[in-house]
Every structure is written in C-alpha cells, then in structure tokens.
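Residues 1042 to 1250 in my numbering are what the sequence shown lists, from first letter to last.
First comes the structure, then the notes that go with it.
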Amino acid sequence: MSGAAQKAPMNNKPIILDFNGLFDKTATNAPKTPVEPRTEKRNIIRPLEEKANTAAIQPANGLLIKAQEQTAEKQRTIDIYKEYQSNTIKSSQLQAEILKGLNAGEDITTLFLKAAQAISAMTNDSVFYNEIKERVTAIYGAGLQEDIPLSIELEQVEQRLMYLEEAALWNEGGELLRIQRAIEAHTERAQRLRELIKKGTGEAPDTLL
C-alpha cells in the first residue's frame, strides 16, 4: 500500500435483530413488571400487620370482658343490698301493724298472717308466707268456715278472675274457650264464698281452685 491507508471493504449485509426472546409468553425467566415486586411486598406486609392487630385486640377484649364482669358483679351486689333494705323496711312496718292490731283487737288470723309475712321478709323467703297463707285458707276457711280465711280466699279468686278477664281480650280460638270456662268457674266460686261469708255458717266450700 502506498501513501494513504487503504479503506476496509464495507459489509452491505443487513443487520437482523431478534426480539422473540423478550416477548415470549412462555419464557420462564420473563422479567417482572415494576408493579409486581411492590405487590409481593404488600402481600408480605399485610399478614404481618393483621397478626399485629389481632395480637393487640385480644388483650383489649380480655380487659373489656373483665370490666363487664366486674360491673355486673357490682350491680348484683347493689341489687341484693337494695332488696335487703326493702325487706327490712317491710318487716319493720309489719311488726308495727301487728302491735297496733293487737291493741285494736284485730282478728288473730290476720295478725298471724302478718307475722308470717314479716318472717318471710326477714329471711327473704316468700315461699314460706305463700305456704302459710294457703294452709290457713284451706284449713280455717274450707275446713272450719271462718270468715277471715274465706275472705282471703275470695280476694285470691277475684284477683285471678280479673287476670282471666284481661286475658280473654287478646286470646281467641281454643285458648279463649279455656279462659272462658275458667272465668265461669271462678265467678261461681266467688259467689259461693260471698254467700258463706254473709251467713257466717253453712256448707263447707268446694275444693280450692
């Protein structure tokens, strides 16, 4: 070669670029989009946050339940004390009535029932008074036909009759028929007791309802 450098021969063959590997949907190592790594990160963080929230809620729930139990226990104590106060006042009133009734010559049956009621109040045992009242009514009323026990039974019958008449207003069908039969029986019983009380003596009343 003389003087100037000889130029390399130019290659006129066209260049072919292959992009198939970049867009192959079946490629196992396809690059992830920028969104995917952030999504995976959130998926990892979310269970951790939920676990932390659950761990924080559980002790709070336990404290809430304990506080509710303590409040309920305090309310039960208050209710018991109020009932005790009420029974004490009631017992004192009945004792005063008994003394006053003795001085006024009140019927001994009435005074005896008041004494039983005072005992029930002091012991918080209403069953005791109800049983005494039922036996006095059965023995001294139905058995011995004394006016006071008969009057007590009449009061009980009339009270039940009032409840039955109220129930008849909002019942119907077979239930209404049963209530109507009970009303008839109570009405007849009340009338019978009034007759026995009026004349003071006579046939023994029917069996208690």
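All C-beta atoms, glycine included, are put in the ideal place defined by N, C-alpha and C.
Excluding sequence positions up to five away, which residues of its chain have a Cβ less than 8 Å from the Cβ of residue i?
{"i": "K1174", "result": "L1154, A1157, I1193"}
{"i": "L1143", "result": "L1152"}
{"i": "L1135", "result": "K1155, A1156, Q1158, A1159, A1162"}
{"i": "D1188", "result": "I1238, G1241"}
{"i": "K1123", "result": "none"}
{"i": "I1121", "result": "none"}
Based on Cα-Cα distance, which residue from the options lies nearest to residue i?
{"i": "E1199", "options": "T1150, Q1232, Y1181", "result": "Q1232"}
{"i": "I1274", "options": "E1206, S1132, E1114", "result": "A question about residue 1274 goes unanswered here, because the residues of the chain that appear run from 1042 up to 1250."}
{"i": "S1167", "options": "H1227, K1107, N1128", "result": "N1128"}
{"i": "T1164", "options": "T1178, Q1126, L1195", "result": "Q1126"}
{"i": "Y1181", "options": "T1150, Y1170, F1169, N1171", "result": "T1150"}
{"i": "H1227", "options": "R1201, N1212, K1131, N1102", "result": "R1201"}
Excluding five sequence neighbours on each side, which residues of the same chain lie with their C-beta closer than 7 Å to the C-beta of residue i?
{"i": "L1217", "result": "A1209"}
{"i": "L1234", "result": "L1191, E1194, L1195, V1198, P1246"}
{"i": "T1118", "result": "none"}
{"i": "E1170", "result": "As written in the sequence, residue 1170 is Tyr, which differs from the Glu given in the question. For Y1170, where only same-chain residues beyond five positions count, the Cβ hits under 7 Å are A1157, Q1158, S1161."}
{"i": "V1076", "result": "Any answer about V1076 is weak, because its pLDDT of 48 lies below 50 and its placement is not dependable; what the coordinates show is given next. Cβ neighbours of V1076 beyond the five flanking positions: none."}
{"i": "N1212", "result": "I1220"}
{"i": "K1131", "result": "A1162"}
{"i": "G1215", "result": "none"}
Within a Cβ cutoff of 6 Å, which residues of the same chain sit near residue i, ignoring the five residues on either side of it in sequence?
{"i": "Y1204", "result": "none"}
{"i": "T1178", "result": "P1190, I1193, E1194"}
{"i": "A1223", "result": "L1205"}
{"i": "R1176", "result": "none"}
{"i": "L1104", "result": "none"}
So, does the CB of residue i fall closer than 8 Å to a CB anywhere in chain D?
{"i": "I1106", "result": "Structure shown: chain D not included; a single protein chain is present."}
Those runs of the alpha helix (DSSP H) which lie wholly inside the stretch 1151-1190 and span at least 4 residues: 1167-1177
Complete runs of the alpha helix (DSSP H) confined to the stretch 1184-1245 [at least 4 residues]: 1188-1208, 1214-1240
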